[in-house]
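In my numbering, the protein residues as written are 15 to 503.
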C-alpha cells in the first residue's frame, strides 16, 4: 500500500509539473538503477539541474532510486518523512522564477549547425552534397536554435515577457553573415511563438521579430571583420614566434600527410581548422570521410591542432582587446546604465554571432579555457542587485545535455561586483578601438577613416592657400610690370 501510494504520488506530481508553465523538474523512476547500497535509496535534493533550468534558481532533483528494493521495512518507513520533505522542496523548485535580484541580461550565442565553409580538393563529398551552399545554416541548425530559444524562454520567464514580444525590454542584434541572421530568426521562433492576438496566420506558428545588423566589413563587434591593422600585426608576431615555428617543425610530417590526402598545397597550424571544420560538418550529417581520416590517431591529432590554431586568434590580452573588447565594452556600458535607473531601456540583449565571437568575449572576460565553442554555445552575462550592490554572474552553456555552469572572471570573486569586473577587464576593453587599431610599424601604417578625412581637409586647405598665394603673386607681378612700363615708354 505504501509503495502504491508513493508511486501514485510521484505520477501525480510529475503530471502536475508537466502541466505547469515553467516545467523545470522531473521525478526519478524508482527502478532507474540496480546499483543499490544502504544509502542509495534516497539522495536528498541533489544539486543537479533538470529539464533545462539552473540550480542557481533553486531547482533540485529528488532521487528515489532503489527505495523499492530495500528489504528493511524500518529503513523504508524512517525514510518516509525525508521523502516528503524533499518532495516539497521539488515542488517549490518547480515553481521557481528568475531571482528578483536580476536586473539585466546580455547573451551571446554561436549560430547553429551549418555546411562547411570550404571543401578540400580530394574530398569524396563534393559541394553538391550541400544543396543550401557552403557556410549556410542547415535544417539541423535551425532546429538547434529553435530549441535554444525555448530554453531561454524557460530560463527567463518572469524576467522578460515570454508570452508577448515587447520591443521596449529586448534588443536583438546579429552578425551580418546569413547563418547568424537565420539562427536569430530560428531562435526567436522558439522564444516568442505567437499567442492570442499575435497570431496572424492560423497555419503558421511564427511571428516576425526585428533583428538589427550592420555590414560585415564595418562590424568590429560580432562578425569582427572590420579592418584592424594592429591586430594583423600582433597575429603575425605570433606566427613568426619561435614557439610557433617549433610547433610547425614538430608537426611537419603530419602536415605533409594531410597535404597529400587533401590536395591542399600548403598546410600549417594556422590553416588546419579548415580541414577539421569540413570533417566535423560531414560527421554531423553522417557522411563518409575519405579513408585517410579514419587512420589511427588522425582524428585526435587533428583535433588537438585545431584547438591550438583557435588559440592563435586570442593569444594575448592585446589581441583580445581588439577582438572581444568592443562587445564587452558595450555590455559593460549597458550594465552601468542599468545601475543608474535614470531612464527606461532594454533589459535583455541578444547577440547572434560566431564561435570566434563567443571565444573573444570569454577571453575579454578572462574566463576562456582555449577551445572552440560548439554550435549554439551560449554565454549569459547577468547583472544582479544583491543587498544594494550590483554584481555580475557569467554562465556558459557549452553542452546541449547539461545546464550552464558559472564562470568566474580571473581576479574576481563569486559573484563579481560590477566595478571589480570593470577593473579586472581594463586590459581587454579598448578606450578608442579605431585609434588602437592603427599599425605600429611605419611600413604598414594605415589611417582610420577619421584620419583620412582630417588629412583630406588639411590637404585641401593647403591647396587653397597655395592657389591663393599664386593668384596674389601673379596679380602683384602684373601691377609691378605695369609700373615699369609707365616709367619706360
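Built from N, CA and C at the ideal position, the CB exists for glycine as well.
Query                                                                                                  : Result
N- and C-terminal bounds of the alpha helix (DSSP H) containing residue 349                            : 339-354
Same chain, Cβ closer than 6 Å to residue 306, neighbours up to 5 away in sequence not counted         : 275
Cβ neighbour criterion (16 or more within 10 Å) applied to residue 250                                 : exposed
Burial state of residue 310, where buried means 16 or more other Cβ atoms lie within 10 Å              : exposed
Backbone CA spacing between residue 489 and residue 467 [nearest angstrom]                             : 33 Å
Closest by C-alpha distance to residue 419, when choosing among 392, 435 and 160                       : 392
Inter-residue spacing [alpha-carbon to alpha-carbon] between residue 414 and residue 272               : 31 Å
Environment of residue 487 [buried if 16+ CB atoms lie within 10 Å]                                    : exposed
Selected residue, minimal CA-CA separation from residue 283, among 263, 351 and 298                    : 263
Identity of the residues DSSP links to residue 419 by a beta bridge                                    : 410
From 116, 225, 353 and 267, residue whose alpha carbon lies closest to that of residue 191             : 225
Contact set for residue 298: own chain, Cβ-Cβ below 8 Å, skip 5 residues either direction              : 127 and 154
Same chain, Cβ closer than 6 Å to residue 230, neighbours up to 5 away in sequence not counted         : 190, 237 and 239
Spatially closest choice to residue 438 from 449, 452 and 422, by CA coordinates                       : 422
Own chain, CB closer than 7 Å to residue 304, minus 5 neighbours either side, in chain order           : 136, 137, 138 and 275
Under the three-state DSSP convention, the category residue 196 falls into                             : helix
CB of residue 366 within 8 Å of CB of residue 201, strictly                                            : yes
Short Cβ contact (8 Å threshold) for residue 5 with residue 186                                        : In the structure as shown, the chain starts at 15 and stops at 503, and residue 5 therefore has no counterpart that could be examined.
Environment of residue 484 [buried if 16+ CB atoms lie within 10 Å]                                    : exposed
Segments assigned alpha helix (DSSP H), at least 4 residues, entirely inside the region 296-332        : 312-325
Three-way DSSP call (helix, strand, coil) for residue 393 in this model                                : strand
8 Å contact criterion, which residue 387 and residue 407 should meet: CB distance rounded              : So it is not a contact: roughly 19 Å between Cβ atoms.
Residues bridged to residue 362 [DSSP beta-bridge criterion]                                           : 119 and 184
Residues that residue 128 bridges to, as DSSP identifies them                                          : 151
Contact under 8 Å by Cβ, residue 132 with residue 148                                                  : yes
Simplified DSSP state of residue 400, which is helix, strand or coil                                   : strand
Option in 112, 322, 212 and 315 with minimal Cα separation from residue 384                            : 322
Residue 405 - DSSP class collapsed to helix/strand/coil                                                : strand
Beta-carbon gap between residue 504 and residue 134 smaller than 8 Å                                   : Shown here, the chain extends from 15 to 503; a query on residue 504 therefore has no answer.
C-alpha distance - residue 113 paired with residue 404, whole-angstrom precision                       : 14 Å
Contacting residues, own chain, Cβ-Cβ under 8 Å from residue 220 (five flanking each side not counted) : 203, 207 and 208
Endpoints, alpha helix (DSSP H) assigned at residue 275                                                : 266-276
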